[in-house]
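Reviewing the structure listed below.
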Amino acid sequence: MTTVVFLCLLVPWLATVSGNSLDQKTQLILGRVPARHRAWDYLESRKTKREVPAHREHGMLGDEPEDGPDAGGDTSDLPTCLLCVCLTGSVYCEEVSPDMTSVPALPKETAYLYARYNRIKKIRSKDFADILTLKRIDLTGNLISEVEDGAFSKLPMLEELNLSENRLVKLPMLPAKLTVFNANYNLLKTRGVKATAFKKLTRLVNLFLADNQLEAVPQIPESVRTVHLQNNNITEISIDTFCKGNNTYYLRPSLNEVRLDGNPVVLSKYPNSFICLSSLPLGRYY
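Numbering-wise (our numbering), the sequence shown opens with residue 1288 and increments by one.
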């Protein structure tokens, strides 16, 4: 009798133990993790994510000091330098995705800005108002059709300005220290370019106005060495365009490259217009 009672207690106990063991093995085989373990792993992952510096999440290199942007400091220029590439004094914002439609806020020490091939439509006077260190601005390949007064002319150190491949119909005011200006491939007409637009640019060396809709050649400063005016609508050249008609002794040897090819003007009709130059302009002569 005692044996029967013992067996009645032993069999249920063995069944219970076997069931628990089988459930654990099933979890291990199928890769299941108990709920309490899944919750712990989730909290740990959230904690780890919070501890990762912002610049590492966005793929930027280098170690951030402990008192950097994540420590509650000033982050006013952080979005731009995550969207673009910021090096010492240089900002590269080329073909930014999502589309960049305006000039971003720049670090105050920026000297060189490359914001090519974006969808910037307008240059506002405040875009560069506080960046007095700018020496070069390249906005090639945007959709710029308007430049507010003073946007560039108030930059005292700006030497190179590239606005090629845009939609300008009017030339903006330019700073006096400019040495290179490029407005190729725009929609400029003579009425949008004042005759004296370049007169005060006494340091200008290279002037590029090709592939526009200009009907006349603007006044060119004495300092200029290269002028590109090809593929416009220029129909005539005056005796004072490059030389001084009232001074037969006037020479201009520094102006050694003038391109007028692709214009309807026939240069052979104006033989006295180039006597001061060291070489003839490139263009139609018959």
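Even for Gly, the Cβ is constructed at its ideal location relative to N, Cα and C.
As the structure is a computational prediction, the values presented were derived from the model and not from experiment.
Per the Cβ contact rule, the stretch 1503–1518 is not in contact with the stretch 1553–1561 (fewer than 3 Cβ pairs under 8 Å).
Rounded to whole angstroms, the separation of the alpha carbons of E1381 and L1455 is 20 Å. Annotated three-state conformation of K1409 is strand, per DSSP. The shortest C-alpha to C-alpha distance from T1420 to any of V1378, L1567, L1538, L1496 is the one to V1378. With fewer than 16 other beta carbons inside 10 angstroms of its own, N1533 counts as exposed. Contact check for I1507 and N1550: beta-carbon distance about 16 Å, past the 8 Å limit, so the pair fails to qualify. Under the three-state reduction of DSSP output, L1419 falls in the coil class, being neither helix nor strand. In the DSSP assignment, E1452 is bridged to no other residue. Note that the stretch 1437–1452 touches the stretch 1464–1479; at least 3 beta-carbon pairs, one per stretch, sit closer than 8 Å. Residue state for R1478 is assigned as helix, using DSSP reduced to three classes. Within its own chain, the residues whose Cβ lies closer than 6 Å to the Cβ of L1496, once the five positions on either side in sequence are excluded, are A1470, L1516, listed in chain order. In this structure, the alpha-carbon of L1542 lies about 35 Å from that of V1390. P1505 is classed as buried because its beta carbon has at least 16 other beta carbons within 10 Å across all chains shown. Here R1403 is buried: its Cβ has 16 or more other Cβ atoms, across all protein chains shown, within 10 Å.
Residue environment analysis places S1555 among the exposed positions, since fewer than 16 neighbouring C-beta atoms fall within 10 angstroms of its C-beta. Distances from the alpha-carbon of E1452 to those of D1498, K1395, Y1472 put Y1472 closest. Straight across, the Cα-Cα distance linking T1489 with S1440 is about 14 Å. Rounded to whole angstroms, the separation of the alpha carbons of M1387 and K1476 is 28 Å.
Looking at the backbone, the Cα of A1416 and that of L1474 are separated by about 26 Å. CA-to-CA, the gap between L1491 and C1530 works out to about 17 Å. The C-beta distance from I1526 to V1552 rounds to 14 Å, too long to meet the 8 Å contact threshold. When DSSP assignments are scanned along the stretch 1365–1396, the uninterrupted stretches of alpha helix (DSSP H) that are 4 or more residues long and fall wholly within it turn out to be 1365–1370.
The residues C1380, E1381, E1382, V1383, D1386, M1387, T1388, G1428, N1429, in chain order, have a CB closer than 8 Å to that of N1405 in the same chain once the five nearest residues on each side in sequence are set aside.
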